[in-house]
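Below is one structure; the comments refer to it alone.
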Amino acid sequence: MSVPHSVCVFCGSRNGAKPEYVQSATDLGQQMAKEGWRLVYGAGDVGLMGAVSRAAQDAGGSTFGVIPVHLLAREMAKRDLGSFIITENMHERKKVMFMNSDAIVVLPGGAGSLDEFFEVLTWRQLTLHAKPIYLVDIEGYWQPLLALIEQTINEGFADKSLRDFYVVVDTVDELVAALRADLS
69 MSVPHSVCVF CGSRNGAKPE YVQSATDLGQ QMAKEGWRLV YGAGDVGLMG
119 AVSRAAQDAG GSTFGVIPVH LLAREMAKRD LGSFIITENM HERKKVMFMN
169 SDAIVVLPGG AGSLDEFFEV LTWRQLTLHA KPIYLVDIEG YWQPLLALIE
219 QTINEGFADK SLRDFYVVVD TVDELVAALR ADLS
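Basically the working numbering = 1-based index in the sequence shown + 68.
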């Protein structure tokens, strides 16, 4: 029996300002279940995290949630997941999520999502892994981040190869097509 692929989704614990963000998280959860990919995420039942996990579960998908003890109440920990792990801190959470995934997806989110993206991007830059990293640029959400990355390259603080360590897609459909290619 083959082990299903696992996709780590980093995303907001809030819904954000545009309904397209929640819709994209919902679409992603449904698509992951359809593809047979396990969702690895932050175990919250709020914001985009809650939307992606509920959609995956409702579609019969497998879920793996990881939450630090200090966020159990704040992020309304979703305990009815296939796997549910409580960590001591945020760093452990990211490590467990990363180690249990084959690819990384970053939907819109706040400071936590940025932290998660930059940590896996830095690990990739340092050749600590070769897992694909995707930024899902719903409604142009990540354009300021992409401009900042270009600024670090243009000002000599990063090599232009940094661009090669992540892929930007505009829609969940584009993401799923890219993941199919990477996970096959």
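Where is the CB? At the ideal position from N, CA and C, for every residue including glycine. Values in this document were obtained by computation on a predicted structure and should not be read as measured data.
Exposed unless 16 or more other CB atoms sit within 10 angstroms - verdict on residue i
| i | result |
| --- | --- |
| Gln99 | buried |
| Ser81 | buried |
| Thr131 | buried |
| Met69 | In this prediction, Met69 has a pLDDT of 42, which is less than 50 and means its spatial position is unreliable; what the coordinates show is noted afterwards. By the 10 Å Cβ count, Met69 comes out exposed. |
| Gly178 | exposed |
| Phe185 | buried |
| Phe78 | buried |
| Gly129 | buried |
| Ala101 | buried |
| Arg142 | exposed |
| Ser74 | buried |
| Ser229 | exposed |
| Thr220 | exposed |
| Ala123 | buried |
Where residue i falls: helix, strand or coil (DSSP)
| i | result |
| --- | --- |
| Ala245 | helix |
| Val173 | strand |
| Leu96 | helix |
| Tyr109 | strand |
| Val237 | strand |
| Ile153 | strand |
| Phe186 | helix |
| Tyr209 | coil |
| Pro200 | coil |
| Thr195 | coil |
Closest residue to residue i among the options (Cα-Cα distance)
| i | options | result |
| --- | --- | --- |
| His197 | Lys163, Leu107, Gly224 and Ala119 | Lys163 |
| Arg192 | Tyr89, Ser181 and Tyr234 | Tyr234 |
| Pro176 | Ala246, Leu140 and Thr239 | Thr239 |
| Leu139 | Glu242, Arg231 and Gly110 | Gly110 |
| Arg161 | Gly104, Ser181 and Pro72 | Ser181 |
| Tyr202 | Leu189, Leu194 and Thr195 | Leu189 |
| Val174 | Arg231, Val204 and Ser229 | Val204 |
| Ser92 | Asn222, Thr220, Ser229 and Glu207 | Glu207 |
Rounded Cβ spacing between residue i and residue j (contact assumed at less than 8 Å)
| i | j | result |
| --- | --- | --- |
| Met144 | Gly112 | 6 Å |
| Val237 | Ala246 | 6 Å |
Residue i vs residue j beta-carbon contact at 8 Å
| i | j | result |
| --- | --- | --- |
| Ile153 | Val137 | no |
| Leu116 | Val90 | yes |
| Val217 | Lys199 | The sequence given here places Ile at residue 217; Val does not occur at that position. Contact: no. |
| Lys146 | Gly118 | yes |
| Thr97 | Ser121 | A small correction: the amino acid at residue 97 is Gly; Thr does not occupy that position in the sequence shown. Yes. |
| Asp170 | Leu243 | no |
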